[in-house]
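Chemist: The structure that follows is given in the form of structure tokens.
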Amino acid sequence: MIRYAKPTTVDEALALLGEGAWRILAGGTDFYPAQGSKPFRDNVLDINGLTALRGIAETGSHWIIGARTTWTDVIRLPLPPAFDALKQAAREVGSAQIQNVASVAGNLCNASPAADGVPGLLVLDAEVELRSAAATRHLSLPEFILGNRRTALQPGEMVTAIRVPKPTGTSAFVKLGARRYLVISIAMVAARLVVENGTVADAAVAVGSCSAVAKRLGGVEAALRGLPLDAGLVVAVRSAPMAELSPIADVRGSAEYRLDAVREIVARAVLEAAGKPTGDKVAA
130 MIRYAKPTTV DEALALLGEG AWRILAGGTD FYPAQGSKPF RDNVLDINGL TALRGIAETG
190 SHWIIGARTT WTDVIRLPLP PAFDALKQAA REVGSAQIQN VASVAGNLCN ASPAADGVPG
250 LLVLDAEVEL RSAAATRHLS LPEFILGNRR TALQPGEMVT AIRVPKPTGT SAFVKLGARR
310 YLVISIAMVA ARLVVENGTV ADAAVAVGSC SAVAKRLGGV EAALRGLPLD AGLVVAVRSA
370 PMAELSPIAD VRGSAEYRLD AVREIVARAV LEAAGKPTGD KVAA
């Protein structure tokens, strides 16, 4: 017999997870399409009653994004400029109706290479909080998302929060798709720059949809550090190595096209983060 449970406290949810195998239902925007017409064969743990896991809180050292926080919450809540890339990505997660119910943690747990929220969280050095009835642990995003649809979640665990160290700088997000709205990305980029005295003191750049998991571009970041805010930023992006990327060819674009296009949208994201907007948040 299939079990369904809708706990109202985190402790109750963790106790149930410790009893056996469950599929966790959060917003359901990926849960139900993945199920299709197949009959349910797994116990379903509905966490939509866990009000304690919704919202964004500030501590002395971190911003804490609760696992049930929706993309609409991210858009509406006041956050520092370093979160602008994540806010821009939030507006690209499906439609407004999907943004109202889809959760930030669900986007991570789904572990799609095209998950819109991942690059913006990567440039914020976010980590995932995992809890079970017995313990709590924290993993960086690269440690948590292991591959296409694969995460480091262990039996009995659930994601309870995303933790972001107090970030500095400004950020931007650019997405390339076959049309302007309601589209799975061909490539997408988040960039965060810390500028001091007109010079790039630090840079973080992440690309999604161009490898099995979204990747930070260490070569691009290194090339940008120390540069003034002028045309040299674009020159650096266009010549920097991007060895981390290994795109596939699919119905949305060839691997060669992705590699060519991603340099352009990295340049756009970097210019936007530097306060020199190109006018295109979404490249259609």
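Every number in my numbering is 129 more than the matching position in the sequence shown, counting from 1. All C-beta atoms, glycine included, are put in the ideal place defined by N, C-alpha and C.
Is the region 220-237 in contact with the region 260-267, if contact means three or more CB pairs nearer than 8 Å?
Modeler: Contact fails: fewer than three Cβ-Cβ distances are below 8 Å.
Chemist: Output yes or no for whether 9 Å exceeds the beta carbon distance between residue 139 and residue 280.
Modeler: Contact flag unset, no.
Chemist: Measure the alpha-carbon distance for residue 177 versus residue 169 and round it to whole angstroms.
Modeler: The straight-line gap from Cα to Cα measures roughly 19 Å.
Chemist: According to DSSP, simplified to helix, strand and coil, what is residue 302?
Modeler: Looking at residue 302 - three-state DSSP - the assignment turns out to be strand.
Chemist: So what does DSSP say about residue 260, is it helix, strand or coil?
Modeler: Residue state, collapsed to three classes: strand.
Chemist: Span of the beta strand (DSSP E) holding residue 329?
Modeler: That run of the beta strand (DSSP E) goes 328-337.
Chemist: Using the beta-carbon count (16 or more within 10 Å), is residue 317 buried or exposed?
Modeler: By the 10 Å Cβ count, residue 317 comes out buried.
Chemist: Less than 8 Å between C-beta atoms, sequence neighbours within five positions excluded: which residues of the same chain meet that for residue 191?
Modeler: Around residue 191: 292, 293, 294 and 295.
Chemist: If residue 339 sits next to residue 282, beta carbons under 8 Å apart, how far is it from one beta carbon to the other, in whole angstroms?
Modeler: Between residue 282 and residue 339 the Cβ distance is about 24 Å, and since that is not below 8 Å, they are no contact.
Chemist: Are the CB atoms of residue 319 and residue 381 within a distance shorter than 9 Å?
Modeler: Taking 9 Å as the Cβ cut-off, residue 381 and residue 319 do not qualify as a contacting pair.
Chemist: Of the choices 233, 156 and 375, whose alpha-carbon is the least far from that of residue 255?
Modeler: The option with the nearest alpha carbon to residue 255 is 233.
Chemist: Could you check what DSSP says for residue 156 in three-state terms: helix, strand or coil?
Modeler: If DSSP states are grouped into helix, strand and coil, residue 156 belongs with coil.
Chemist: Counting only runs that start and end within the region 143-211, where is the alpha helix (DSSP H) found for 4 or more residues in a row?
Modeler: Fully enclosed alpha helix (DSSP H) runs of 4 or longer: 160-164 and 200-205.
Chemist: Distance, Cα to Cα, residue 402 vs residue 315?
Modeler: Straight-line Cα distance between these residues: approximately 21 Å.
Chemist: Rounding to the nearest angstrom, what Cα-Cα distance links residue 392 and residue 142 in this structure?
Modeler: Rounded to the nearest angstrom, the two C-alpha atoms are 44 Å apart.
Chemist: Let me check understanding here. Comparing Cα to Cα, which of 184, 156 and 185 lies closest to residue 174?
Modeler: If we check each option's Cα against that of residue 174, 156 comes out closest.
Chemist: Classify residue 299: buried if its beta carbon has 16 or more other beta carbons within 10 angstroms, exposed otherwise.
Modeler: Classification for residue 299: buried.
Chemist: Could you tell me the alpha carbon to alpha carbon distance between residue 251 and residue 257, rounded to whole angstroms?
Modeler: Between residue 251 and residue 257, the C-alpha separation is close to 11 Å.
Chemist: Counting only runs of 4+ residues fully inside the region 215-261, write out the alpha helix (DSSP H) ranges in chain order.
Modeler: Counting whole runs of 4 or more residues, the region 215-261 contains the alpha helix (DSSP H) stretches 225-230, 233-239 and 246-251.
Chemist: Kindly indicate which three-state DSSP category residue 269 falls into: helix, strand or coil?
Modeler: The answer is strand: DSSP assigns residue 269 an E or B state.
Chemist: Go ahead and pull the three-state DSSP assignment for residue 387.
Modeler: Helix, per DSSP.
Chemist: Determine the burial state of residue 270: buried for a count of at least 16 other Cβ atoms within 10 Å of its Cβ, exposed for fewer.
Modeler: Classification of residue 270: buried, given that the 10 Å Cβ count is 16 or more.
Chemist: Between residue 366 and the rest of its own chain, which residues show a CB-CB distance below 8 Å, the 5 nearest in sequence each way excluded?
Modeler: The answer, listed in chain order, is 349, 352, 353, 392, 395, 396 and 399.
Chemist: Tell whether a beta-carbon distance below 9 Å holds between residue 206 and residue 137.
Modeler: No, these two residues do not count as a Cβ contact at 9 Å.
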